[in-house]
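**Q**
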Amino acid sequence: MPDVCVIGGTRFVGKLLVRRLLADGHRVTVVNRGRTPDAFGDAVRRLRADVHSPGELTAAVSGERFDAVVHQVCYTPVAAAETCTAFADRAGKIVLTSSMEVYNADTFRWRPPAPPMSAFAREDELDAADYPCDTALPWADPAYLDANYGEGKRQAEAVLVNRAHVPVVLARVAHVLAAEDDFTGRFRFHVDRIRAGRPVVAHARPGRTSLALAGDVAGFLASAALSGVTGAVNVASPDPVGVHDVCRAVEAVTGRTARVVEKTDAAGDPDLSPFSCPADFGMATGRATALGHRFTPAAEWLPELARTVAERSGALGGR
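Numbering-wise (the working numbering), the sequence shown opens with residue 11 and increments by one.
Structure (structure tokens):
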């Protein structure tokens with residue numbers, strides 16, 4: 011029976027991942043700070059570590075051996091370097107939950123790869139093995155890390171690919187949505203504003219972006235951990251979505267008209283949609299398809315997501 015270590019795992023996609031692994035009959039060890047209660051009971055083994063505090067992960071997993079490790083909360087090259095040290099060759103594989111933000115050209119500290127990445131980037135347009143990293147940057151400063159999220163993920167990828175003693179999967183995940191446990195509030199943002207008659211601000215002629223259903227992401231991570239997949243894989247629904255698509259889904263279930271206001275100076279506006287982009291920005295999913303992974307098209311799950319979120323927020327009460 012495979013033994014999978016999940017670093018993180020107490021909320022959102024992490025919870026779904028642990029449930030999926032357990033349902034598939036795997037042993038699961040969860041590593042976290044122990045501050046957030048979970049409902050796994052005796053079904054999982056728990057190790058305690060704050061992976062952002064140097065040395066704690068290494069101490070927590072000393073002497074352990076796992077068939078795979080899925081790291082849900084690795085945001086910096088420092089954390090990635092300790093992951094390589096902590097597990098050395100005592101893991102069959104390391105899966106990093108990375109981000110679509112690694113393709114965001116506006117956040118590169120170094121010159122982006124040439125030629126410029128396409129609007130819907132392929133994995134081979136950003137080779138983590140060739141990307142420079144700097145563990146001396148102030149990654150421990152929360153404000154710095156927040157402002158350099160995409161850069162932190164790029165450098166974490168680079169460290170794992172170049173230093174890990176075992177195969178690595180870089181799961182580059184799109185904006186994740188779900189009806190339950192979505193602490194980001196990104197979809198609820200639109201429901202609340204449309205319900206209240208408030209404007210949803212967008213960039214002028216907003217571009218489309220990539221979304222992913224939380225269950226699809228958890229399913230991919232579980233599969234990638236124990237399959238022959240290696241390298242970078244884009245994890246997203248195959249059909250890109252724009253802010254107008256999201257608003258139309260909410261309009262359809264609430265019967266209320268969205269007031270989308272496009273602005274040339276939208277950046278920084280408190281009513282700016284989290285899914286509005288100045289131009290198309292997302293990911294191609296051809297590699298995942300070739301590997302046999304099917305991600306549910308957004309057109310299939312957005313309507314039900316809109317209905318569920320609207321019901322739970324009370325936005326259907328006046329229909």
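Glycine included, each C-beta is placed from N, C-alpha and C at the ideal position.
Does the structure place the segment 25–34 close enough to the segment 49–65 that three or more beta carbon pairs sit under 8 Å?
**A** Note that the segment 49–65 touches the segment 25–34; at least 3 beta-carbon pairs, one per stretch, sit closer than 8 Å.
**Q** Straight-line CA distance for residue 12 to residue 231?
**A** For this step, residue 12 is matched to residue 2 along the sequence shown. For this step, residue 231 is matched to residue 221 along the sequence shown. Taking the straight line joining both Cα atoms gives about 15 Å.
**Q** Here's the rule I'm using: 16 or more other beta-carbon atoms within 10 Å means buried, otherwise exposed. How should residue 314 be labelled?
**A** Within the sequence shown, residue 314 is the residue found at index 304, counting from 1. It is exposed - the Cβ of residue 314 has fewer than 16 other Cβ atoms within 10 Å.
**Q** By the three-class DSSP mapping on this structure, what secondary structure does residue 301 have?
**A** Numbered from its first residue, the sequence shown carries residue 301 at position 291. DSSP places residue 301 in coil when its eight states are reduced to three.
**Q** Can you tell me whether residue 216 is buried or exposed, with buried defined as 16 or more other CB within 10 angstroms of its CB?
**A** Taking the sequence shown and counting its residues from 1, one reaches residue 216 at position 206. When all chains shown are included, residue 216 counts as buried.
**Q** I'd like the span of the alpha helix (DSSP H) that includes residue 160, first residue to last.
**A** Mapped onto the sequence shown, residue 160 falls at position 150. Taken as a continuous stretch (DSSP letters only), the alpha helix (DSSP H) holding residue 160 covers 159–173.
**Q** Taking 8 Å as the cut-off, does the segment 260–273 touch the segment 233–240 (at least 3 CB pairs, one atom from each stretch)?
**A** no
**Q** Got a sec, what are the start and stop residues for the beta strand (DSSP E) residue 212 sits in?
**A** Locating residue 212 in the sequence shown gives position 202, where the first residue counts as 1. Unbroken beta strand (DSSP E) run through residue 212: 210–213.
**Q** Pull up the distance between the alpha-carbon of residue 150 and that of residue 62, whole angstroms please.
**A** Here residue 150 corresponds to residue number 140 of the sequence shown, with the count starting at 1. Here residue 62 corresponds to residue number 52 of the sequence shown, with the count starting at 1. In a straight line, the C-alpha of residue 150 is about 8 Å away from that of residue 62.
**Q** Measuring only the C-alpha atoms, how far is residue 329 from residue 206?
**A** Locating residue 329 in the sequence shown gives position 319, counting from the first residue. Locating residue 206 in the sequence shown gives position 196, counting from the first residue. The pLDDT assigned to residue 329 is 47, lower than 50, so where the model puts this residue is not dependable, and the model offers no usable value.
**Q** Going residue by residue through the segment 47–116, where are the continuous alpha helix (DSSP H) segments of at least 4 residues, counting only ones entirely within it?
**A** 66–70, 87–97
**Q** Expressed to the nearest angstrom, what Euclidean distance is found between the alpha-carbon atoms of residue 75 and residue 97?
**A** For the purposes of this step, residue 75 is taken as residue 65 along the sequence shown, with counting starting at 1. For the purposes of this step, residue 97 is taken as residue 87 along the sequence shown, with counting starting at 1. In a straight line, the C-alpha of residue 75 is about 8 Å away from that of residue 97.
**Q** Look at the Cβ atom of residue 182, then the Cβ atom of residue 127, and state whether they are nearer than 8 Å.
**A** Along the sequence shown, one-based indexing puts residue 182 at 172. Along the sequence shown, one-based indexing puts residue 127 at 117. Not closer than 8 Å, so no.
**Q** Please give me, in chain order, every unbroken run of the beta strand (DSSP E) with length at least 3 that falls completely inside the segment 231–268.
**A** 241–245
**Q** In the DSSP assignment, find the unbroken beta strand (DSSP E) run with residue 272 in it and report its ends.
**A** Residue mapping note: residue 272 aligns to position 262 of the sequence shown, counting from 1. Its beta strand (DSSP E) spans residues 270–273.
**Q** What residues in its chain sit with their C-beta under 6 Å from that of residue 124, if we drop five residues either side in the sequence?
**A** By 1-based counting over the sequence shown, the position of residue 124 is 114. Excluding residues within five positions, none has a Cβ falling inside 6 Å.
**Q** Assuming residue 184 contacts residue 221 (C-beta within less than 8 Å), just tell me the rounded distance between them.
**A** What you label residue 184 is simply residue 174 of the sequence shown in a count that begins at 1. What you label residue 221 is simply residue 211 of the sequence shown in a count that begins at 1. Right, their Cβ atoms sit about 6 Å apart.
**Q** Whose C-alpha, out of 192, 271, 305, 59, is nearest the C-alpha of residue 204?
**A** Taking the sequence shown and counting its residues from 1, one reaches residue 204 at position 194. The candidate whose alpha carbon is nearest that of residue 204 is 271.
**Q** Please state whether DSSP places residue 329 in a helix, a strand or coil.
**A** In the sequence shown, residue 329 corresponds to position 319, counting from 1. At residue 329 the pLDDT is 47, less than 50, meaning the model places this residue with poor confidence; the figure from the coordinates comes in the next sentence. Looking at residue 329 - three-state DSSP - the assignment turns out to be coil, as it is neither helix nor strand.
**Q** Taking the alpha carbon of residue 304 as the reference point, which residue from 292, 245, 45 has its own alpha carbon closest?
**A** Taking the sequence shown and counting its residues from 1, one reaches residue 304 at position 294. It is 245.
**Q** According to DSSP, residue 37 sits in a beta bridge with which residue or residues?
**A** The residue you call residue 37 lines up with position 27 of the sequence shown. In the DSSP output, where bridge partners are listed per residue, residue 37 has 13.
**Q** Whole angstroms are fine: how far does the CA of residue 161 sit from the CA of residue 141?
**A** Along the sequence shown, one-based indexing puts residue 141 at 131. Along the sequence shown, one-based indexing puts residue 161 at 151. Going by the C-alpha atoms only, they are around 10 Å apart.
**Q** Let's test the definition: count the other Cβ atoms within 10 Å of the Cβ of residue 226 and tell me whether it reaches 16, buried, or not, exposed.
**A** Residue mapping note: residue 226 aligns to position 216 of the sequence shown, counting from 1. Result: buried.
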